[in-house]
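Remarks on the structure that follows.
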Amino acid sequence: MQFVDEASIIVEAGKGGNGCLSFRREKYVPKGGPDGGDGGHGGSVYLIGDDSLNTLIDFKFQRFYKAENGQGGMGRQMSGKAGEDLHVKVPVGTTVIDEDTLEVIADVTDIGQVVLVGEGGRRGLGNIHFKSSTNRAPRRTTPGTEGDRRNLRLEMKVMADVGLLGMPNAGKSTLIRSVSAAKPKVANYPFTTLVPNLGVVKLGMHEHFVMADVPGLIEGASDGAGLGLRFLKHLTRTRLLFHVVDVAPFDESDPVEAAQAIIHELGQFSPALSERPRWLVLNKFDLLPEDEREARAQAIIQALNWDGPVFRISAISSDGTDKLVQAAYRWLTEQQRLENEDEEAHAREQEMRRRMEEESVARTEARLGRRRKRDDDEGDDDDFDDDDYDVEVEYAP
């Protein structure tokens, strides 16, 4: 199965049925008068949040969605049947954008949330509505109106409480494997995760949170380099970020420079996202001699001028991971309690989410603009397609 987090579709609501021009014709009832009925309203198109979906792959194969037209009116004052509405299921966490205006139509964040994306056409009126004392035999009707037709862009952002942030090969996938049932690919050679992975971290009965591992960032990600820009948007749904730093890189690169590059790219992509609470997670401590570990940790902390929480772990051996996830759960629980009890805290969170969404959309608009310009410059002869970047993912039964 492919993981697809972006798709373009066309939705078209149904046309309203036309009004009927008819006159009553019965034996022994001369000049029966007008009896043309109204048409039926056209069907509308709705999107519904569904938690059983975790990819937009279906929209890659079916891009056109049309609701049913309304039926025309009939004689004997009979109205036409209204067109049936069309309900399209989308994953929870989907942002709906009008591709023509780049307006954000809706954000589907709740299970069962219903969003109107195409309103059906209005019904036409039959000639019975135009009868008057001076016009006993009206021949006037009105046609049904056209339904909305829109070009939409769907962008799915994974719904998670904690997001993992870091360079490729920092150990993010190993960490999520260590603390949850998620099984992303890991290896003892440098490579990067290609698609987001979600894992549920369970600490006890009714105690759990969701962690997201997104593709690693590289320098220039905020300007479109690598996969980072496409997947950074997934972190805008999280409440807490784990900045995972490899303290013993295989290429002997400087962990401080790598961490600073990540901080820079995060701020370039979304200043609001860079203000999210972020914990420093120093990983791969098992690769250092015991007598060097604390000195290396202090050197990194001082070089970064870090004054927030710091955790020293070895994801592959699960050393220190229990302390990390326990602290995260306590923090998330306390934040939720504050938002429920304090209106100001709730308002601050909503404002933060609004800012992050606006900045994420602005980045998307810029990326779409660059793509359109590139396509215009290259013409229509280029057979390259975004689907070439789709990744095959196998889900274990």
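Converting from the sequence shown to the numbering used here requires adding 144 to each position, the first position being numbered 1. Glycine included, C-beta positions come from ideal geometry on N, C-alpha and C. These figures come from a predicted structure and were not determined experimentally.
Item	Value
Any contact of the stretch 185-194 with the stretch 145-161, i.e. 3+ C-beta pairs under 8 Å?	yes
Which residues does DSSP list as the beta-bridge partners of Glu170?	Val173
Which whole-angstrom value describes the C-beta separation of Gly177 and Arg169, a residue pair presumed to lie in contact below a C-beta threshold of 8 Å?	With 8 Å as the limit, Gly177 and Arg169 do not qualify as a contact, their Cβ atoms being about 10 Å apart.
Between the Cα of Ser196 and the Cα atoms of Ser152, Gly265, Lys233, which residue gives the shortest distance?	Lys233
If distances are taken between C-alpha atoms only, which option among Gly343, Ala151, Gly307, Asn295 comes closest to Thr199?	Ala151
Note down the Cα distance separating Arg481 from Glu493, rounded to an integer number of angstroms.	13 Å
Decide if Gln564 is buried, meaning its Cβ has at least 16 other Cβ atoms within 10 Å, or exposed.	The question about residue 564 has no answer here: the residues shown for the chain are numbered 145 through 541.
Kindly list the residues whose CB is nearer than 6 Å to the CB of Leu548, restricted to its own chain and excluding five residues on each side of it in sequence; keep chain order.	The question about residue 548 has no answer, for the chain in this structure spans 145 to 541.
Looking at the structure shown, is Met311 part of a helix, part of a strand, or coil, going by DSSP?	coil
So, is Phe208 buried or exposed, given that buried needs 16 or more other C-beta atoms within 10 angstroms?	exposed
Does Lys225 come out as helix, strand or coil in the three-state DSSP assignment?	coil
Can you grab the Cα-Cα spacing for the pair Gln206 / Arg456, in whole Å?	47 Å
Pick helix, strand or coil for Phe203, following the three-state DSSP scheme.	helix
To the nearest angstrom, report how far apart Ala365 and Glu409 are at their CA atoms.	Confidence in Ala365 is poor, its pLDDT being 46 and thus under 50, which makes the residue's placement too unreliable to answer from.
Would you say Ile241 and Arg293 are within 8 Å of each other, going by their C-beta atoms?	no
In angstroms, rounded to a whole number, what distance separates the CA positions of Met218 and Thr289?	17 Å
What runs of the beta strand (DSSP E), each 3 residues or longer, lie entirely inside the stretch 245-312?	248-252, 258-262, 293-300, 306-309
Is Met355 helix, strand or coil when you go by DSSP?	strand
Taking Cβ positions, are Arg381 and Ala304 nearer each other than 8 Å?	yes
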